Amino acid sequence: MVSYSYHHYYYLLTLTTLLLVSFSLVATSSNDMSSSSRTDSELKEIYTKWVVENHKTYNGLGEEDRRFQIFKDNLRFVDQHNAQENRSYKLGLNRFADLTNEEYRVGFLGTRSDVKRRVMKAQNASRRYASYANDDHKLPQSVDWRQNGAVNAVKNQGSCG
């Protein structure tokens, strides 16, 4: 009887281990569906859905095909990043998924001014809030710049950065 229960226990343990390994492999393979393992029709479906969600339209001849190729490259990058387990964040698709890195940089990161221009701008700085730096007054513990009109409400700046 002891022999039977030992074999029975060993059999159940082996079966459970095999099932757990099988389930983990299935879960990993279904969650790690990279753009390289997707069919062209699946990629086109994802792209078409993304175009509708992001209200994209393309006018030039061949422009949509070009944007689709860029989209696939960006999707591949997202999939490769998200497949790595040591990442502390996940990437996703946003309204910029049809842009190259260069197009994004030029269109949305703003321009870099040269040093001379920044120095000139600093020398002509506004004196609007200069009273806070006057030696005759004791500086307040804190300043709510919203009440003084120094900052605007948070807003989407679009291509301005």
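Number 58 in the UniProt record's numbering belongs to position 58 of the sequence shown; there are no gaps in the numbering. All C-beta atoms in this analysis are idealised placements derived from N, C-alpha and C, irrespective of residue type, glycine included. This one's a predicted model, so the numbers in the text were calculated from it and none came from an experiment.
For this session: Determine the contact status of W50 and L93, defining contact as a CB-CB distance below 8 Å.
Result: Counting from one through the sequence shown, the residue named residue 50 turns up at place 50. Counting from one through the sequence shown, the residue named residue 93 turns up at place 93. Cβ atoms of W50 and L93: closer than 8 Å.
Checklist entry - Is the stretch 98 to 110 touching the stretch 76 to 90 in the sense that three or more CB pairs, one from each, lie closer than 8 Å? => result no
Please state whether DSSP places E102 in a helix, a strand or coil.
-> By one-based count along the sequence shown, residue 102 stands at place 102. Here E102 sits in helix by DSSP.
Unbroken alpha helix (DSSP H) run spanning T48, endpoints:
Counted from its first residue, the sequence shown places residue 48 at position 48. Unbroken alpha helix (DSSP H) run through T48: 40 to 53.
| task | Return the Cβ separation of residue 162 and A97 in integer angstroms, given the expectation that the two are a contact with Cβ distance under 8 Å. | result | Since the displayed the chain opens at 1 and closes at 161, residue 162 lies outside it and no answer follows.
Alpha-carbon spacing of R95 relative to K56, whole angstroms:
Translated into positions along the sequence shown, residue 95 becomes position 95. Translated into positions along the sequence shown, residue 56 becomes position 56. Spanning the two alpha carbons is a distance of roughly 9 Å.
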